[in-house]
Amino acid sequence: MPDFTEHQILNPTAQTCRTSLHNLRCCVVAPTYNNAQTVKQVLIDTSAYVSHIIVVNDGSTDHTADILSELQDTAFENQMHLEVIHLKKNSGKGFALRTGFARAVAMGFRYAITIDTDGQHFSDDIPLFADLIRKFPDNLIVGVRNMEQEGIPKKSSFGNRFSNFWFKLETGVALPDTQSGFRLYPVERLKNIRFFTSKYEFEIEVLVRAAWAKIRIKWIPVKVHYEPKESRISHFRPGRDFFRISLLNTVLVLIAFLWIKPRDLIRRLNWARFKRFFRREFSNRANTSLRIACSAGFGVFMGIVPIWGYQLIVGLTLAYIMKLNKTIVFIAANISIPPMIPIILYGSFLMGGWFIGEYASPVTIDTISFSYVKHHLFQYLVGSIALAVVAGLLVFLFTWVAVSFWRKKHFSPQPSLINTNGDI
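Residue numbering for the sequence shown follows my numbering, starting at 2 and increasing by one per position.
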């Protein structure tokens, strides 16, 4: 079996990288599943650039386990600290990565670089990660592939664009390649996040959850190699895995708009920022008094209208179509924050009772619950739509009058210092 090649030993870049990553407490986590043809060479090449490698054998049914045992038992182990974790059954790439991360944290590592063992990634790109993490500690770094190069499968290119779109919607962060498995993770900062996916979609979840946890995400360009179609081995199941990824993105979008974005907005709010926002939006002559009032009224309407879970998505989409101020719509729509929900439900039932008359069910603030809503759904639906219309109109009128008065006071033309006769 080959040991370190002369090129590896004498390569100053590799040796510098190895020392740097050791000082940074960075290891490599390499999940593998039925990659017997490539795993050995990938690990040998990787060992030139990093001294500690954790391999997670995700229930392989080929000769992967034997190859890993051979690597551990030979002189190669003297050049590299190789730890192998064998999972009894194939549990998915996400579970394998999570297992590797947990082991890395337990061993005292601060960072972990993940690399696929199918030969797609090039180990000589690892120094790029080392250089960038020294400049930006505790960031998450993604190795971005050139998805336009020849040989990239069309389905991979489409899936990547699809994933990039949803990632930006969920986090506000633009990332050119959200599906690359070549990454550097700040595992110490991730250890307290409880992840809930275990397959390929984990690599999307971890990016989104990291961004939500205020971990900065940076990227570097890396090389990529795809085998010809006839000899390419892929464990990605297009139908099932694409469905799982789509389902995950649906959940993440709902969480983003119902919790993360309102949370971040509230955290950013203080009196100084509110005054700056007020002056910026209300002093901007492109925002007419009517446009501001329509945006506020429409936002309140969307915050109350009974399409729970989709209020912000639908509201912002319609605001874009109607050319309203999306920021004001977003703020006003947050009238449905958790403390306000019982009041909105109670008001909806009262309004519904007025409309349906003798068929209405009596309601008090103490009887309000989601079970009560379920059993008196018609009254709630009628009332919530009526309440949304009334509240939206009231906010529209109040905002229009208030903004018009404020602008008249602050933007009215100054009286001339010269009278009609030309005298001062």
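For glycine and all other residues, C-beta sits at the position ideal for the given N, C-alpha and C.
- Straight through space, the alpha carbons of Phe123 and Gly182 are spaced by roughly 12 Å.
- Here the C-alpha atom of Gly173 lies approximately 29 Å from the C-alpha atom of Thr100.
- DSSP, read as helix, strand or coil, puts Ile127 in helix.
- Only exposed fits Trp260, as fewer than 16 other CB atoms lie within 10 angstroms of its CB.
- The way I'd put it, the region 85-100 does touch the region 23-39; three or more beta-carbon pairs between them come closer than 8 Å.
- Excluding sequence positions up to five before and after Pro177, its CB lies within less than 6 Å of the CB of Val145, all in the same chain and listed in chain order.
- Taking Phe197 as reference, the option from Asn161, Leu98, Leu141 and Arg264 with the minimal CA-CA separation is Leu98.
- Nearest Cα to Thr65 within the set Val43, His82 and His53: Val43.
- Under the DSSP assignment, Ala211 falls in the alpha helix (DSSP H) whose first and last residues are Phe203 to Trp213.
- Contact annotation: Leu317 and Phe299 have beta-carbon atoms that are not nearer than 8 Å.
- Judged by DSSP secondary structure, Gly144 falls within the beta strand (DSSP E) whose first and last residues are Leu141 to Val145.
- From the listed residues Ser247, Asn24, Asp117 and Glu171, the smallest Cα separation to Pro138 is found for Asn24.
- Checking the DSSP bridge columns, you'll see Asn58 partnered with Thr33 and His87.
- In summary, Glu171 is buried, with 16 or more beta-carbon neighbours lying within 10 Å of its beta-carbon over all protein chains present.
- It is roughly 37 Å from the alpha-carbon of Arg162 to the alpha-carbon of Pro13.
- Here Arg111 has Arg26 and Glu189 as same chain residues with Cβ atoms under 6 Å from its own Cβ, once five neighbours each way along the sequence are excluded.
- Straight through space, the alpha carbons of Asp125 and Arg19 are spaced by roughly 11 Å.
- Contact between Ala297 and Ala333 holds: CB atoms are separated by about 5 Å, below the 8 Å threshold.
- Under the three-state reduction of DSSP, Trp309 is assigned to coil, being neither helix nor strand.
- The beta carbon of Ala211 is closer than 7 Å to those of Leu141, Leu191 and Ile218 in its chain, skipping five residues each way along the sequence.
- Scanning its chain for C-beta atoms nearer than 6 Å, with the 5 sequence neighbours on each side dropped, one finds around Asp117 the residues Gly182, in chain order.
- Here His53 is bridged, per DSSP, to His82.
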